Amino acid sequence: MTSAWSRRALLATGGGAALALGLPSPASADTSLARATAAFAGSVTADGDDAFAALRAKWRELYLGSGFSPTAEPFRSKLAELGAQAAAHRAAMAPATGSLWPDLVYLDPDPDTDTESFGFSANMNTGYNRLRTMAEAYVQPGTGLTGDTALRDAVVTGLDHLHADVFNPATARYGNWWNWQIGAPQALMDTCVLLHDELTDAQRAAYCAAVDHFLPDSAVGSYTGTSTGANRVDLCRGIILRGIVGANAGKIALAVAALSPVFPYVTKGDGFYPDGSFVQHTNIPYIGGYGAVLNDGLGRLFALLRGSAWEITDPGSRQFLDTIEAAIAPFIHDGLMMDNVSGRGITRVGTSDHTRAHGVMASIVLLGLGAEPGENARWRAMVKGWLVRDRYAPALADGSLSLVNTARLQALLDDASVTAAPEPSAHRVFHHMDRVTHRRRGWGAGLSMASARIAHYEFGNGENKRGWHTGAGWLQWWGSETNQDQYSDAYWPTVDPYRLPGTTVSRKKMADGQGGAWANPVPDTKWVGGTGDGEFGTTGQHLQGLASTMHARKSWFWLDDCVVCLGSGITSADGAAVETVIDNRFLGAGGTRRLLLDGRAQPTDQGWATTRTTKWAHVDGHAGYVFPGGTALHALREERTGTWRDVNDGGTTTPLTRRYLTLWQDHGTDPVNGSYAYVLLPGASAERTAARAADTGWLRILAQDADRTGIQVPSLGFTGVTFWAAGTAGPVTVDAPVCVQIREKRDGTATVCVADPSRTVTGLTLTWRRPVRSVLSRPASVGDVRTGSSLTLTFGDLSASAGATHTVRVRLR
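The end of the sequence shown is residue 812 by numbering that gives the first Met the number 0, with every number in the run present.
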């Protein structure tokens, strides 16, 4: 592999790529090729051809991989499969007007309508991807087609056909813009790099002219629309490769300068936020989708351009490297990427939460080459931990993982100097995207919410048609190295979409794609978010149902071995039942798990159902559930059958059947001020669950209504309250709607954490009726402080902090 680039080199210029090259700021529209080319005049000397050749060689290595044995597994099998795919593509190729393969018609017979044009443009893009696969089989060793001139000729024939027939400067694009500006240009230019010496100067010039037509300089002229975040990185990659193939220094310089707006944190719209949030499409949390694309794209571009005249030296790249631990790692658990940050991609057949993580893991290893040594060591240990703990779908057995990424991860796994790191114990609030993660050495969880800022769900391109309630307090969780298939094995086509775990929903019937494609429907509610001290957390959501009159106040209190879940103010007028789903556990294709209700085993027959007042429940191999005061618990075992086509227009129609065990509370039809209370104990034994239920003093519910919801756990020194309005809960009084968490420590100190999830509080007085000796530290937002028999804190304007936590540390009496 290529040698590491230093953090010092990344920051050396201090003025960013644009300034270092004498270019205008890419944030403006004035980033013309003429200016970029002029700035680079003289920078690339008579040795310029060598510079472009070096970049081509480096890109080949980044794309193909190196340092692996083609006769060793898993590479031998992957290379053989690559050869088989290429052979099948060559055999089926039949150039004709409007298609290169009979199954990929790309000329739209009715360009005046958009009903099917997305499919036609996608077919064009798929054609270029097939040619790239064939080119890779030609140059990779061990494919059975390595150096096969007939295969090479077929690729060149295909390139010429697509260029003459559709992808040329005389064609006006139709369908999906992405296929024309990102998908096809990348595949075409990759192929041109792989077969550079097999193409004539005229062919390369023609292909570059086509890319210039569909991917003009204006595509990165301003940081708006589809030219932001991950899309901007992809656009720049296409332009950079076009510059390398066409030996055009100005194109590379333009794209490098145009990357600069990607690096800084944003305060609205697409991109990374200071709290680690990543948003794409305006209001969709997307670390597992576009964030992964951005991560991989920048990682490869950093490596490609390192040491060249176009090295990326923007100081903002430091912030991007910071996102590895701040934004990406919190959503990877035991080698899987949490679904709640993957948008509509969760319903794509052939992918899963595990496969979405594998490429990200390899990207982190690549990016580590440019990190500080200590940082790189942490990342490698972290990724190795994910590799060794993922037993359900190991990355090195992932047939969809590219060969180069497989090689990268295999090398890490074989590196005896790296010790696998365990999962951390940490609580994170991502207030800019309404997500929460809670990590423990024995389990991990992720919470998904919606607000006036973040959509209920994403539907587009016919994908994720029934993701309606993924923002309704959906609580995912996994045990330690267990339950790794919980959301992986045909979950989305078979799960009841009205009964996602943790959600409160109206059973009002939803239409597929409710709200419309790309509508990204958002509720009107603003009080959504929470606070925490990095270990424990308190979260609240004023939930308004999608296309529903249903409102609820949902609260979660995140502790060491459990999550306390409370709901209140549940009101609806839909004429439909409202339910809170305690859990919905996937049992596998034919699995059964023993269910205990108050210690009594229940039948394991499919279709079995019951409703009974219950104080505690336990599911073998999964979790325990405690219901303070008891609840009328509904339980159901069922086999559910569905197809990927049900949730994704591009999915298969093969019926799939999986088993589920669902626990829920029915609030009735059109409830008024309904409520629920339960304690989730991931991984707990039946004995521990029963003991927690019997310990009636362990949990104190301080308040549970539409104005405030709060608890105390005396043994943990924990108090948490979601104040939906000013008021009092136990020892805490506030005069504004905020989220409050207090933890008393054994060392005689306590932390008071406050957040303004609604972003409306312009002043706050908080009183904690507990003797306090002194204040040890406080943020600038705290003005007046009074200690003594109680603590009174006066905060200034909190609205501008966008839901962030303000922490005060005190010494107790």
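Positions of the beta carbon are idealized from the N, C-alpha and C atoms, including for glycine. From a predicted model like this one, the values you see are computed outputs, not experimental measurements.
Item	Value
In the DSSP assignment, the beta strand (DSSP E) including Phe74 goes from what residue to what residue?	Here Phe74 belongs to no beta strand (DSSP E); instead the alpha helix (DSSP H) covers Phe74 to Ala91.
DSSP three-state label for Pro23, please.	Since pLDDT at Pro23 reaches only 29, below the 50 mark, its modelled position is unreliable, and the value read off the structure follows with that caveat. Coil.
How is Ala37 classed by DSSP in three states: helix, strand or coil?	Caution is warranted here: a pLDDT of 43 is assigned to Ala37, below 50, making its placement in the model unreliable, and the coordinate value is therefore given only provisionally. Ala37 falls in the helix class under three-state DSSP.
Do Leu297 and Phe74 have their beta-carbon atoms positioned less than 8 Å apart in this structure?	no
Would you grab the beta carbon distance between Arg241 and Pro168 for me? Rounded to a whole angstrom, and I think it's under 8 Å.	Contact doesn't hold; Cβ gap of about 14 Å is too wide.
Here's the rule: buried if 16 or more other CB atoms are within 10 angstroms of the residue's CB, otherwise exposed. What is Asp200?	exposed
Does Arg745 pass the burial test, meaning 16 or more other C-beta atoms within 10 Å, or should it be called exposed?	exposed
With DSSP as the reference, please indicate the residues paired to Asp582 in a beta bridge.	Leu662
By DSSP, does Asn339 sit in helix, in strand, or in coil?	helix
Could you have a look at Cys752 and say whether DSSP puts it in helix, strand or coil?	strand
Would you say the beta carbon of Gly228 is closer than 7 Å to some non-hydrogen atom of the ligand NAD?	Questions concerning the ligand NAD fall outside what the structure shown contains, since it holds no ligand whatsoever.
For Gly146, does the count of other Cβ atoms within 10 angstroms reach 16, so buried, or fall short, so exposed?	exposed
Once you ignore the five residues that flank Leu32 on each side, which residues in its own chain have a CB closer than 8 Å to its CB?	For Leu32, the predicted structure reports a pLDDT of 34, less than 50, and the residue's modelled location is therefore unreliable. The matter cannot be settled from this model.
Within a Cβ cutoff of 6 Å, which residues of the same chain sit near Thr44, ignoring the five residues on either side of it in sequence?	Its pLDDT being 42, under 50, Thr44 is placed unreliably in this model, and the value from its coordinates should be taken loosely. Counting only Cβ-Cβ distances below 6 Å, and skipping sequence neighbours, we find nothing.
If you draw a straight line from the alpha carbon of Phe585 to that of Asp645, how long is it in whole angstroms?	19 Å
Is the beta carbon of Glu578 closer than 8 Å to that of Arg506?	yes
When DSSP labels each residue in this structure, what does Glu60 get in the three-state scheme?	helix
Have a look at Gly587, Val580, Leu635 and Thr612 and flag the residue whose alpha-carbon is nearest the alpha-carbon of Asp604.	Leu635
How about Gly829 and Trp473: do their beta carbons lie closer than 8 Å?	Absent from the structure is residue 829, since the part of the chain shown begins at 0 and ends at 812.
If I follow the unbroken beta strand (DSSP E) through Ile286, where does it start and stop?	No beta strand (DSSP E) holds Ile286; DSSP gives it neither H nor E.
Applying the criterion that 16 or more other CB atoms from any shown protein chain within 10 Å of the CB defines a buried residue, is Asn294 buried or exposed?	buried
Which residues mark the beginning and the end of the beta strand (DSSP E) in which Arg202 is found?	First, the residue type needs correcting, since residue 202 is Gln and not Arg in the sequence shown. Careful: Gln202 lies outside any beta strand (DSSP E), inside the alpha helix (DSSP H) at Asp200 to Phe213.
Report the three-state DSSP secondary structure of Trp176 (helix, strand or coil).	helix
What does the alpha-carbon distance come out to for the pair Gly528 and Asp755?	8 Å
Please give the ranges of any alpha helix (DSSP H) in the segment 203–277, keeping only runs that are unbroken, at least 4 residues long and fully inside the region.	228–244 and 248–257
Does DSSP classify Pro713 as helix, strand or coil?	helix
So, at 6 Å on beta carbons, what are the nonlocal neighbours of Tyr486 in its own chain, with the 5 sequence-adjacent residues on each side left out?	Asp338 and Asp352
Identify the continuous beta strand (DSSP E) that holds Val562 and give its terminal residues.	Val562 to Thr570
Determine the direct distance from the alpha carbon of Ile286 to that of Phe330, and round the result to whole angstroms.	8 Å
Please report the distance separating the alpha-carbon of Thr652 from that of Gly445.	30 Å
Buried or exposed for Ala35, going by 16 or more other Cβ atoms inside 10 Å?	The predicted model places Ala35 with a pLDDT of 38, which falls under 50 and marks its position as unreliable; any figure quoted below should be read in that light. The residue in question, Ala35, is buried, as its Cβ has 16 or more Cβ neighbours within 10 Å.
Alpha carbon to alpha carbon, how far is Leu765 from Asp704?	20 Å
Give me, in chain order, the residues of the same chain whose beta-carbon lies closer than 7 Å to that of Tyr490; leave out the 5 immediate sequence neighbours on both sides.	Phe585
Below 8 Å on the Cβ atoms is my contact criterion, and I expect Ser307 with Leu99 to pass it. Report the Cβ-Cβ distance as a whole number of Å.	With 8 Å as the limit, Ser307 and Leu99 do not qualify as a contact, their Cβ atoms being about 35 Å apart.
Only counting the same chain, and skipping five residues up and downstream in sequence, which positions put a Cβ closer than 8 Å to that of Ser424?	Arg438, Arg439, Arg440 and Glu534
Over what stretch of residues does the beta strand (DSSP E) that includes Arg810 continue unbroken?	Thr804 to Leu811
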